[in-house]
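A.B. asks: Provided herewith is a single structure, encoded as structure tokens, for subsequent inquiry.
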Amino acid sequence: MEIEKLIDTYSDYLYRIAFIYTKDRLAAEEVVQDVFVNYYHKSDQFEQKASIKTYLVKMTINRSYDYLRSWKNKKFFIAQFFQQYEKGAEQIYVEKELQGEITAAVLSLPVKDREVLLLYYYEEMTVFEIAELLELAVSTVKSRLQRARVKLKPKLSVEVMDDD
Numbered sequence: 015m016e017i018e019k020l021i022d023t024y025s026d027y028l029y030r031i032a033f034i035y036t037k038d039r040l041a042a043e044e045v046v047q048d049v050f051v052n053y054y055h056k057s058d059q060f061e062q063k064a065s066i067k068t069y070l071v072k073m074t075i076n077r078s079y080d081y082l083r084s085w086k087n088k089k090f091f092i093a094q095f096f097q098q099y100e101k102g103a104e105q106i107y108v109e110k111e112l113q114g115e116i117t118a119a120v121l122s123l124p125v126k127d128r129e130v131l132l133l134y135y136y137e138e139m140t141v142f143e144i145a146e147l148l149e150l151a152v153s154t155v156k157s158r159l160q161r162a163r164v165k166l167k168p169k170l171s172v173e174v175m176d177d178d
């Protein structure tokens with residue numbers, strides 16, 4: 015059976031099975047995608063002792079278990095746990111307040127400086143990637159990034175000093 019037909023026929027069913035195990039929509043989608051990719055690469059190993067549906071379901075269950083055992087899942091769960099249970103209301107308020115102040119300071123920068131800063135820190139792009147994206151010289155990106163940091167430092171220092 016062609017892979018496209020298999021995907022059309024079984025993807026929703028396999029998604030529901032994966033979701034039962036992972037309890038996460040994105041993880042379930044990832045599991046199903048992995049199942050189809052693995053089947054595509056190993057379809058010659060399918061021995062037809064059972065139906066293709068049974069084979070794909072078993073692969074989905076096994077991949078779901080792999081996901082639950084994976085470090086990726088554990089990191090997500092641990093991060094979620096600490097975010098929910100270790101932060102008190104005051105800490106959450108302070109963090110949101112600080113985030114708002116940082117955002118305001120960044121938004122007060124000129125657009126040319128702000129865009130480089132946001133691409134570098136928030137989009138985690140390299141200086142070379144930013145230069146290519148904005149069609150600038152690497153040295154220009156570096157100088158704009160430095161200028162943005164210099165302009166941002168006093169704005170953030172004043173905010174921190176006001177709290178003391």
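Sequential numbering of the sequence shown, starting at 15, is according to our numbering.
Note that CB positions come from ideal geometry on N, CA and C, so glycine has one too.
This structure is a prediction, so every number in the text was calculated from the model and none was measured.
Beta carbon of Val-46: closer than 7 Å to some heavy atom of the ligand MG?
C.D. replies: Within the structure as shown, the ligand MG is missing, as the structure has no ligands at all.
A.B. asks: Within the same chain, show all residues whose beta-carbon is closer than 8 Å to that of Ala-119, passing over the 5 residues directly before and after it, in chain order.
C.D. replies: By 1-based counting over the sequence shown, the position of residue 119 is 105. The residues are Leu-166, Lys-169, Leu-170, Glu-173.
A.B. asks: If you draw a straight line from the C-alpha of Arg-30 to the C-alpha of Asp-58, how long is it?
C.D. replies: Indexing the sequence shown from 1 puts residue 30 at position 16. Indexing the sequence shown from 1 puts residue 58 at position 44. If I take the Cα positions, the gap works out to 26 Å.
A.B. asks: When DSSP labels each residue in this structure, what does Pro-124 get in the three-state scheme?
C.D. replies: By one-based count along the sequence shown, residue 124 stands at place 110. Pro-124: coil per DSSP, three-state reduction.
A.B. asks: Would you tell me roughly how many angstroms separate the C-alpha atoms of Lys-19 and Ser-65, rounded to the nearest one?
C.D. replies: Here residue 19 corresponds to residue number 5 of the sequence shown, with the count starting at 1. Here residue 65 corresponds to residue number 51 of the sequence shown, with the count starting at 1. Lys-19 and Ser-65: Cα-Cα distance of roughly 15 Å.
A.B. asks: Arg-83 and Asp-48 look like a contact to me (Cβ under 8 Å); what is the Cβ gap, rounded to whole Å?
C.D. replies: Within the sequence shown, the letter at position 69 stands for residue 83. Within the sequence shown, the letter at position 34 stands for residue 48. Going by Cβ atoms, the distance from Arg-83 to Asp-48 rounds to 14 Å, so no, they are not a contact pair.
A.B. asks: Taking only three categories from DSSP, how would you classify Ser-25?
C.D. replies: Looking up residue 25 in the sequence shown gives position 11. Ser-25 falls in the helix class under three-state DSSP.
A.B. asks: Does the count of Cβ pairs from the region 104-121 and the region 141-149 closer than 8 Å reach three?
C.D. replies: In short, these stretches do not touch, since the Cβ pair count stays below three.
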